[in-house]
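Enquirer: In this note's numbering, the protein residues as written are 1 to 117.
Beta carbons are placed, not taken as given, at the ideal position from N, Cα and C, and that holds for glycine.
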Amino acid sequence: QVQLVESGGGLVQAGGSLRLSCAASGSIFSISNINAMGWYRQVPGKQRELVATITRRGNTNYANSAKGRFAISRDNAKNTVYLQMNSLTPDDTAVYYCNAEARRPYWGQGTQVTVSS
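#1: N61 to V51, Cα distance in whole Å?
#2: By the DSSP assignment, the beta strand (DSSP E) with S116 in it spans what residues?
#3: Which same chain residues end up closer than 6 angstroms to S73 when comparing Cβ atoms and leaving out the 5 residues on each side of it in sequence?
#4: In the DSSP assignment, find the beta strand (DSSP E) that holds S73 and state where it starts and stops.
#5: Grab me the residues of N33's own chain with a C-beta within less than 6 angstroms of its C-beta, minus the 5 sequence neighbours each way, in chain order.
#6: Unbroken beta strand (DSSP E) runs of length 3 or more, entirely within the segment 30-104: which are they?
#7: In whole angstroms, what separates the C-alpha of S117 from that of R19?
#8: Would the beta-carbon of T80 fall within 8 angstroms of that of A23?
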């Protein structure tokens with residue numbers, strides 16, 4: 001089993017920045033099986049959508065909406081993934097979920113990001 005705990009969400013004005021963190025914990029066996037980690041987001045009434053992912057080797061993938069504004073990074077020693085979000089707009093308002101892909105997908109509880117205009 002893998003547990004994911006997110007932090008760093010909150011309220012920010014348009015144009016501002018936030019940094020999300022997600023720490024993975026669990027057995028050494030479970031943690032060692034984590035390959036990709038990433039961030040997804042969801043607004044009420046819509047499907048959860050990809051924001052960014054990063055593999056253990058550091059290969060990244062971004063949604064078009066995130067390219068140029070968001071940066072995903074990872075500290076394998078700390079089993080932690082980060083999402084630096086800059087130039088935020090009200091369209092970025094959502095619950096952001098951390099994801100880890102191991103033998104199966106794991107999800108965090110979500111952290112609310114609200115961007116005011």
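Expert: This is what the structure holds:
#1: 8 angstroms
#2: T111 to S116
#3: Y82
#4: F70 to D75
#5: A102 and R103
#6: 37-42, 49-54, 60-62, 70-75, 80-85 and 94-101
#7: 19 angstroms
#8: yes
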